[in-house]
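Taking my numbering, the leading residue of the sequence shown gets 130, the next gets one more, and so forth.
Below you'll find the structure, written out as structure tokens, and then a few comments.
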Amino acid sequence: MIEEYRFERSYRNQLYKGTTYIIPGDPNLGYNFGFAIYIPDTTEEVTNVLMYSPNTGCAGINDEGKLDSKTKAFHLKDGIEAIRQKCIGINHGKMLAHSLNIPVITPLVPRVVGYYTQAMGSYVFNNDTSYLKLSSDERNDEENKLTDEEIDEIKLYCYNIFEQVALGLPHALDFIRSKGFEVEDKIIAGGYSAGSKFANYFTAIHPECVKATFGGGIGGLMIIPQESIEVNGAKITLKYPLGIADIKNFDKKAFDSIPQYYYMGGADFNDPAEARIIDGKLMPWFGECYSPEEIGIINTYLGKNGLERFDFVSSYYSDETLFKIFPGEDHNSVCSANKDGICIADEFVCEFVKSVLENDKKHRL
Numbered sequence: 130m131i132e133e134y135r136f137e138r139s140y141r142n143q144l145y146k147g148t149t150y151i152i153p154g155d156p157n158l159g160y161n162f163g164f165a166i167y168i169p170d171t172t173e174e175v176t177n178v179l180m181y182s183p184n185t186g187c188a189g190i191n192d193e194g195k196l197d198s199k200t201k202a203f204h205l206k207d208g209i210e211a212i213r214q215k216c217i218g219i220n221h222g223k224m225l226a227h228s229l230n231i232p233v234i235t236p237l238v239p240r241v242v243g244y245y246t247q248a249m250g251s252y253v254f255n256n257d258t259s260y261l262k263l264s265s266d267e268r269n270d271e272e273n274k275l276t277d278e279e280i281d282e283i284k285l286y287c288y289n290i291f292e293q294v295a296l297g298l299p300h301a302l303d304f305i306r307s308k309g310f311e312v313e314d315k316i317i318a319g320g321y322s323a324g325s326k327f328a329n330y331f332t333a334i335h336p337e338c339v340k341a342t343f344g345g346g347i348g349g350l351m352i353i354p355q356e357s358i359e360v361n362g363a364k365i366t367l368k369y370p371l372g373i374a375d376i377k378n379f380d381k382k383a384f385d386s387i388p389q390y391y392y393m394g395g396a397d398f399n400d401p402a403e404a405r406i407i408d409g410k411l412m413p414w415f416g417e418c419y420s421p422e423e424i425g426i427i428n429t430y431l432g433k434n435g436l437e438r439f440d441f442v443s444s445y446y447s448d449e450t451l452f453k454i455f456p457g458e459d460h461n462s463v464c465s466a467n468k469d470g471i472c473i474a475d476e477f478v479c480e481f482v483k484s485v486l487e488n489d490k491k492h493r494l
């Protein structure tokens, strides 16, 4: 059953009005989770749709049944409800939808503590729940521990997430068409923080679905579109999400041809790949984000912080890919509004997307 919610809210000195639709998943068609679709009231004739990546920050549901950043989603049902409520309320994707005057789709991918689906690291990509089990076993509160059955349920529900998104997208786009909008099959993929990696990695795995991609606060952790790199005479194999060594049939030509734009603040020290030394070895501070092996490669060869990596990894992208640093801005301020209600980073995002669409329009004329 499709849910429909009217949305009206003043935020950042602007009035946002539109309709949110919650489209359920269809396991029989290969996708367990559904999609949230938001259509601004001002949307008229459009040909393109933004797919803004899910990001709940692992917020959970409180005792009143409301999304609450002070709680955590430990169980699958809480993760499912958290992303649903996040999409019904105000969020970055909706603001960009209004700025671009196009519909926005968000895959309703749930996140639970210990299984960072919305950043799509190797544990999730490989459907490996070993860290999730470790995280659960270490919890002091019995209520928040997961049974083996719950872990299996999460593993099944979140199996092959990118494939699920690719299978569900045509149905989400058909729903938008049913509202009178003749939209294309390819989407504009975007996201911020964990969501930026979701967008970047999805573009690498399914370039056939994507017209353009942007991501902010990405920490220099874009995928390198190569199987290996050579650093100081050492050949380093790069498996997903660092590179594409284990991605079957990676289409580099298609990936390089997609317009892409990535940005971060010059004072952004929010680093999911931060390392610590234990028994003489580099280990992750945030175990659900990267494995010990990945942390070693990242900090030894790609860069010890986000800005170093941003510079290093960008050199492996096509010359047409855009990269921008916002001096003095941190992870939060780079996407925050100034006193006039304007987010400078969002202005650049909108300028990028509009230029892509305008260029595409010229080619079609």
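Ideal Cβ positions, reconstructed from N, Cα and C, are used throughout, including at glycine.
inquiry  = Taking only three categories from DSSP, how would you classify Met180?
reply    = Sequence index remark: in the sequence shown, residue 180 carries index 51 (1-based). DSSP places Met180 in strand when its eight states are reduced to three.
task = Can you check DSSP and say which residues form a bridge with Arg135?
result = Reading the sequence shown from its first residue, position 6 is the one you call residue 135. According to DSSP, Arg135 bridges with Thr148.
inquiry  = Need the endpoints of the alpha helix (DSSP H) that Thr332 sits in, please.
reply    = Position 203 of the sequence shown, counted from the first residue, corresponds to residue 332. Note, Thr332: alpha helix (DSSP H), 323-334.
ask   = If we count Cβ pairs, one from each stretch, closer than 8 Å, do we get three or more for the region 227-238 versus the region 154-166?
value = yes
Ile373 and Pro354 closer than 8 Å at C-beta = Numbered from 1 along the sequence shown, position 244 holds the residue referred to as residue 373. Numbered from 1 along the sequence shown, position 225 holds the residue referred to as residue 354. Ile373 places its beta carbon less than 8 Å from that of Pro354.
task = Determine, using beta-carbon pairs with one atom in the region 292-305 and one in the region 213-225, whether at least three such pairs fall under 8 Å.
result = no
Cutoff 8 Å; reference Asn256; Cβ partners in own chain excluding five residues on either side = Translated into positions along the sequence shown, residue 256 becomes position 127. Result list for Asn256: Lys284, Cys287, Tyr288, Asn289, in chain order.
key: Alpha carbon of Leu494 to alpha carbon of Val242, nearest angstrom   = Within the sequence shown, numbered from 1, the residue matching residue 494 stands at position 365. Within the sequence shown, numbered from 1, the residue matching residue 242 stands at position 113. Bear in mind that the predicted position of Leu494 carries a pLDDT of just 46, short of 50, making it unreliable; the figure below should be weighed with that in mind. When rounded, the distance between both Cα atoms is 49 Å.
task = Return the CA-CA distance between Tyr160 and Ile190, expressed in angstroms with no decimal places.
result = Against the sequence shown, residue 160 aligns to sequence position 31. Against the sequence shown, residue 190 aligns to sequence position 61. Approximately 24 Å, taken between the alpha carbons.
request  = Only counting runs of 3 or more residues, tell me where the beta strand (DSSP E) segments fall wholly within the region 326-382, in order along the chain.
outcome  = 339-345, 357-360, 363-366
inquiry  = Quick check: the Cα distance between Leu275 and Phe310, rounded to an integer number of angstroms?
reply    = For the purposes of this step, residue 275 is taken as residue 146 along the sequence shown, with counting starting at 1. For the purposes of this step, residue 310 is taken as residue 181 along the sequence shown, with counting starting at 1. Those two C-alpha atoms are separated by around 43 Å.
key: Euclidean distance between Cα positions of Tyr391 and Ala383   = The count along the sequence shown starts at 1 and reaches residue 391 at position 262. The count along the sequence shown starts at 1 and reaches residue 383 at position 254. Roughly 18 Å separates the two Cα atoms.
ask   = Could you check where the alpha helix (DSSP H) with Ile209 kicks off and where it finishes?
value = For this step, residue 209 is matched to residue 80 along the sequence shown. First-last of the alpha helix (DSSP H) with Ile209: 205-217.
ask   = What's the C-alpha gap between Ala126 and Tyr245?
value = Residue 126 is absent from the model: the chain starts at 130 and stops at 494.
query = Can you tell me whether DSSP reads Val175 as helix, strand or coil?
reply = Numbered from 1 along the sequence shown, position 46 holds the residue referred to as residue 175. Coil, per DSSP.
query = With distances taken between CB atoms, is the gap from Val312 to Val175 smaller than 8 Å?
reply = Reading the sequence shown from its first residue, position 183 is the one you call residue 312. Reading the sequence shown from its first residue, position 46 is the one you call residue 175. Yes. Within cutoff.
key: Beta-bridge partners of Phe164, as assigned by DSSP   = Residue numbering aside, residue 164 sits at position 35 when the sequence shown is read from its first letter. Paired residues: Ile152, Pro236.
ask   = Could you give the distance in angstroms between the alpha-carbon of Phe452 and the alpha-carbon of Tyr445?
value = One-based indexing of the sequence shown puts residue 452 at position 323. One-based indexing of the sequence shown puts residue 445 at position 316. Cα-Cα distance, rounded: 12 Å.
query = If you compare alpha carbons, which of Phe379, Lys433, Phe398 is closest to Leu411?
reply = The sequence position of residue 411 within the sequence shown is 282, counting from 1. Leu411 has its Cα closest to that of Lys433, out of Phe379, Lys433, Phe398.
Spatial distance of Gly345 from Ser325 (CA atoms) = Your numbering for residue 345 matches position 216 in the sequence shown. Your numbering for residue 325 matches position 196 in the sequence shown. Going by the C-alpha atoms only, they are around 6 Å apart.
key: Contact check, Gly186 vs Cys418, beta carbons under 8 Å   = In the sequence shown, residue 186 corresponds to position 57, counting from 1. In the sequence shown, residue 418 corresponds to position 289, counting from 1. No, they are not a contact pair.
message = Check this for me: beta carbons of Ile376 and Lys340, under 8 Å apart or not?
response = Counting from 1 along the sequence shown, the entry for residue 376 is found at position 247. Counting from 1 along the sequence shown, the entry for residue 340 is found at position 211. The answer is no: Cβ separation not under 8 Å.
message = I'd like the list of long-range same chain contacts for Ile219, defined as Cβ closer than 6 Å, with 5 residues on each side in sequence excluded.
response = Here residue 219 refers to the residue found at position 90 of the sequence shown. If we look at Ile219 and ignore the five residues flanking it on each side, its Cβ neighbours are Arg138, Tyr140.
Residues near Glu154 by beta carbon distance below 6 Å, same chain, minus five either side = Sequence index remark: in the sequence shown, residue 154 carries index 25 (1-based). Note that residue 154 is Gly in the sequence shown, not Glu. Its chain contains Tyr160, Asn161, Phe162, Gly163 as the residues whose beta carbon lies nearer than 6 Å to that of Gly154, once the 5 sequence neighbours on both sides are disregarded; these appear in chain order.
ask   = Relative to the alpha-carbon of Arg268, which residue among Tyr134, His204, Asp170, Leu158 has its alpha-carbon at the smallest distance?
value = As a first step, residue 268 must be located in the sequence shown, where it is residue number 139. It is His204.
key: Range covered by the beta strand (DSSP E) that runs through Phe455   = Along the sequence shown, one-based indexing puts residue 455 at 326. Per DSSP, Phe455 belongs to the beta strand (DSSP E) from 451-455.
key: Neighbour-count burial assignment, Ser447, 16 or more Cβ in a 10 Å radius   = Your numbering for residue 447 matches position 318 in the sequence shown. When all chains shown are included, Ser447 counts as exposed.
request  = Return helix, strand or coil for Leu494, following the three-state DSSP convention.
outcome  = Here residue 494 refers to the residue found at position 365 when the sequence shown is read from its first residue. Any reading at Leu494 needs caution, since the residue's pLDDT is 46, under 50, leaving its predicted position unreliable; the model's value is listed next. Coil at Leu494, not helix or strand.
request  = Quick one: grab the DSSP three-state call for Leu196.
outcome  = Counted from its first residue, the sequence shown places residue 196 at position 67. Residue state, collapsed to three classes: strand.
ask   = Asp128 to Thr149, Cα distance in whole Å?
value = The shown model of the chain, from 130 to 494, leaves out residue 128, and the question about it has no answer.
request  = Only counting runs of 4 or more residues, tell me where the alpha helix (DSSP H) segments fall wholly within the region 400-451, in order along the chain.
outcome  = 421-426, 435-443
query = Roughly how far, in whole angstroms, is the beta-carbon of Ala328 from the beta-carbon of Phe379, given that I think they are within contact range, below 8 Å?
reply = Sequence index remark: in the sequence shown, residue 328 carries index 199 (1-based). Sequence index remark: in the sequence shown, residue 379 carries index 250 (1-based). Their Cβ separation, rounded to whole angstroms, is 17 Å, which puts Ala328 and Phe379 out of contact at 8 Å.
In DSSP terms, what Tyr392 is bridged to = As a first step, residue 392 is located in the sequence shown; it is residue number 263 there, counting from the start. DSSP lists Gly345, Lys453 as partners of Tyr392.
query = Nearest to Gly495 by alpha carbon, out of Pro336, Leu371, Ala363, Ile152?
reply = Residue 495 lies beyond the residue range present for the chain, which begins at 130 and ends at 494; the question has no answer from this structure.
query = Under 8 Å, do Gly362 and Ile454 count as touching if we go by C-beta distance?
reply = On the sequence shown, residue 362 is found 233 positions in, with the first residue counted as 1. On the sequence shown, residue 454 is found 325 positions in, with the first residue counted as 1. Not in contact: Gly362 and Ile454 (Cβ atoms no closer than 8 Å).
key: Residue of Ile212, Lys364, Ser386 minimising C-alpha distance to Ile152   = Numbered from its first residue, the sequence shown carries residue 152 at position 23. Comparing Cα positions, the closest option is Ile212.
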